[in-house]
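Single-structure report; data block below.
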Amino acid sequence: MNGFALLLVRDLRLALRRPADAAVAVAFFVVGACLFPFGIGSESQLLARIAPGVLWAVALLASLLPLERLFLAEAEDGALDRLALSPHGLMSLVLAKACAQWLVVGLPLLIASPLVALLLNMDVNGYGALLAALLLGTPTLVLIGTVAAALSTGARRGGVLLALLALPLDLPVLIFGAAAVQAALVGDPIGAYLQVLAGLLLGALVLTPIAGAAALKLALE
Amino acid sequence: MSDFIGESLACLRGERPVFAGLDFSVASGGALLLTGANGSGKSSLLRVMAGLLPPTAGQIWWDREDLAREPDAHHARTAYLGHLDAVKAALTPREDLMFWLRYRAPHLNAYSGRIRADEALAWAGLTPLADLPCRVLSAGQRRRLAIARIAFDETADLWLLDEPTTALDANGALLLHDRVALHRARGGMIVAATHQPLHWPDAQTLDLDVLARRRSDAATRGKYFDNVA
């Protein structure tokens, strides 16, 4: 097995033994989205109209929550040095970390999203588009977040920095993700939106390991 | 036969020069002990040698190959024991060893990795605890686990050990002594930062305090141009 798969298995095993971290993100997603019906009141039409945007914005924030510990936990106990000193290189390390993070946080968010859509009174026509858009969009969010996490590892008050770095870069995913669901709700074709999301994901897959490896090199000093 | 040489190395940490004008040389089978007071730069020097921290000035060579040019190859042949043990509380010692041994040596499969891990566990005296979570280990047992990862890693030509005997009992220090001798007999090199005498045969010593004193004497005499400070 190569270093990527070994690290992925180790991270998944660690996450399964400490499921609280992933659970917090999903709980934040559900509870955060629940605030909107309370804030807006009993206008279910208005709620249904803003549901795609709310869903995407809360999913984005929830995916940021557990990222702060992604490399910090490894740096604090000295494991990051040893992970860097291997034949596999830092890019494979960044990709494995991002992959594990998506499986532990992104996938549960995806699974919880129909429940949240129901709470927001979203029309059933949008569910398929929501799942497809989240499936293509959340990996991009996690990849961008991984670079931000690597950059904030060496900094104090890293959590705030992480959010400030990742949120602007996440905007295209938010825009096209919410637009895809919006289009499905009014019966427009969503293929073009999904293609843009897929393009963003491919771009992130190529660029974020490079950026993440460079950021980790700084964090190791 | 390989050699590992550093020339006129300098290191800055937060604008403060930690060491400057430092030379070292280790040959195959050699051992170099770094001594000096707290804060004299032993750990920084080990990180520079590992290629984790780029030196502010100077060069490091492995077999006349510049380290800065081939960082990945150097990372693959270097095993580093920091002052932190990198033990995850939720994993068992066997899982920990299997992961690190296989991460460093991609040719080990699940089966051979497990045999190797069991060998290392027996060496470290951790076999009875092999399947308990690492949170039950004492500080000394964690240190043994961290050393076992390196001691049973056959891919590493260079061991960089930062205070290896911290928290180890007398028996643990003896076990380390044996593995060190074996590694050197195979032609491996070791650089260790230490406060305790390690009694390794034919080990050279590099005293960072003496180096710093010599430099400050030279600077006050005005014979030496200091291009770092």
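Going line by line, the protein sequences match chains A and B.
Under our numbering, the first residue of the first sequence carries the number 1, and numbering increases by one thereafter.
Under our numbering, the first residue of the second sequence carries the number 1001, and numbering increases by one thereafter.
Where a beta carbon is used, it is the ideal one built from N, C-alpha and C, also for glycine.
Local Cβ density within 10 Å of residue i, reported as buried at 16 or more and exposed below that
| i | result |
| --- | --- |
| A:A79 | buried |
| B:P1164 | buried |
| B:A1229 | Unreliable positioning characterises B:A1229 in this predicted model, as indicated by a pLDDT of 45, which lies under 50. The coordinate reading is nonetheless provided below. Answer is exposed; the Cβ neighbour count stays below 16. |
| A:S113 | buried |
| A:I210 | exposed |
| B:H1075 | buried |
| A:R245 | Outside the displayed range of chain A (1 to 221) lies residue 245 of chain A, so it cannot be described from this structure. |
| B:S1044 | buried |
| B:S1138 | exposed |
| B:D1063 | exposed |
| A:L85 | buried |
| B:A1236 | Because chain B is modelled from 1001 through 1229, residue 1236 of chain B falls outside the range shown and cannot be assessed. |
| A:L10 | Checking the sequence, you will find Arg at residue 10 of chain A rather than Leu. Its Cβ being crowded by 16 or more others within 10 Å, A:R10 is buried. |
| A:I111 | exposed |
| A:A20 | exposed |
| B:Y1232 | Residue 1232 of chain B lies beyond the range of chain B shown here (1001 to 1229); nothing can be said about it. |
| A:F36 | buried |
| A:E76 | exposed |
| A:D170 | buried |
| B:R1104 | buried |
| B:R1069 | exposed |
| A:Q101 | buried |
N-terminal and C-terminal residue of the alpha helix (DSSP H) that residue i is part of
| i | result |
| --- | --- |
| A:P172 | G158 to V186 |
| B:R1144 | A1139 to A1151 |
| B:Y1118 | Reading the sequence as shown, one finds Asp at residue 1118 of chain B and not Tyr. A1110 to A1124 is the extent of the alpha helix (DSSP H) around B:D1118. |
| A:G89 | G89 to Q101 |
| B:S1028 | From DSSP, B:S1028 is part of no alpha helix (DSSP H); its letter is neither H nor E. |
| A:A150 | Y127 to T153 |
| B:S1040 | Premise fails: B:S1040 is in no alpha helix (DSSP H) and is neither H nor E. |
| A:R82 | A79 to A84 |
| A:S42 | Per DSSP, A:S42 belongs to no alpha helix (DSSP H) and is neither H nor E. |
| B:R1186 | Counting along the chain, B:R1186 falls outside any alpha helix (DSSP H), and DSSP gives it neither H nor E. |
| B:L1129 | Note, B:L1129: premise wrong, no alpha helix (DSSP H); not H, not E. |
| B:A1089 | From DSSP, B:A1089 is part of no alpha helix (DSSP H); its letter is neither H nor E. |
| A:G106 | Run containing A:G106: none; DSSP gives neither H nor E here. |
| A:P209 | G191 to L220 |
Residues of its chain near residue i, where Cβ-Cβ distance is below 7 Å and the 5 sequence neighbours each way are ignored
| i | result |
| --- | --- |
| B:G1140 | A1167, L1168, D1169 and G1172 |
| A:A178 | P52, G53 and W56 |
| A:L103 | L12 |
| A:P172 | L200 |
Counterpart residues of residue i in DSSP-defined beta bridges
| i | result |
| --- | --- |
| B:A1105 | Answer is none; B:A1105 lacks a bridge partner. |
| B:Y1080 | B:L1160 |
| B:W1100 | DSSP lists no partner for B:W1100. |
| B:Q1204 | B:L1032 |
| B:P1017 | B:L1012 |
| B:L1022 | B:L1009 |
| B:E1065 | B:W1062 |
Own chain partners of residue i with C-beta closer than 6 Å, once the 5 adjacent residues on each side are dropped
| i | result |
| --- | --- |
| A:A148 | L162, L165 and A166 |
| A:G32 | V58 |
| A:A129 | A180, V181, A184 and I190 |
| A:L143 | A98, A204 and T208 |
| A:G212 | V94, T146, V147 and A150 |
| B:E1007 | D1023, G1058 and Q1059 |
| B:L1009 | L1022, P1055 and G1058 |
| B:Y1224 | Here the model assigns B:Y1224 a pLDDT of 48, short of 50, so the residue's position is not dependable, and the following value carries that caveat. Taken in chain order, the residues that qualify are A1218. |
| B:R1184 | G1029 |
| B:S1025 | I1005 |
Own chain partners of residue i with C-beta closer than 8 Å, once the 5 adjacent residues on each side are dropped
| i | result |
| --- | --- |
| B:L1101 | L1108, G1113, R1116, A1117, A1120, R1149, F1152 and D1153 |
| B:S1028 | M1001, S1002, D1003, G1187, G1188 and M1189 |
| B:D1096 | V1087, K1088, C1134, L1145 and R1149 |
| A:N125 | A184, L185 and G187 |
| B:D1202 | G1030 and A1031 |
| A:S63 | A25, V105, G106, L109, T138, L141, V142 and G145 |
Bounding residues of the beta strand (DSSP E) (the contiguous stretch that carries residue i)
| i | result |
| --- | --- |
| B:Q1196 | Run containing B:Q1196: none; DSSP gives neither H nor E here. |
| A:R69 | It is not in any beta strand (DSSP E) - A:R69 instead sits in the alpha helix (DSSP H) that spans R69 to E76. |
| B:R1013 | D1003 to R1013 |
| B:A1057 | A1057 to W1062 |
Would the stretch 189-204 of chain A and the stretch 1013-1023 of chain B be scored as touching if the rule is three or more Cβ pairs under 8 Å?
no
Would the stretch 1041-1059 of chain B count as touching the stretch 53-71 of chain A if we require 3 or more Cβ pairs under 8 Å?
no
I want to know whether the stretch 1082-1098 of chain B touches the stretch 1127-1142 of chain B - three or more CB-CB distances under 8 Å.
yes
Check whether the stretch 132-141 of chain A touches the stretch 79-94 of chain A, counting contact only when three or more Cβ pairs, one atom from each stretch, lie closer than 8 Å.
no
Would you be able to state if there are at least three C-beta pairs under 8 Å between the stretch 152-159 of chain A and the stretch 62-72 of chain A?
yes
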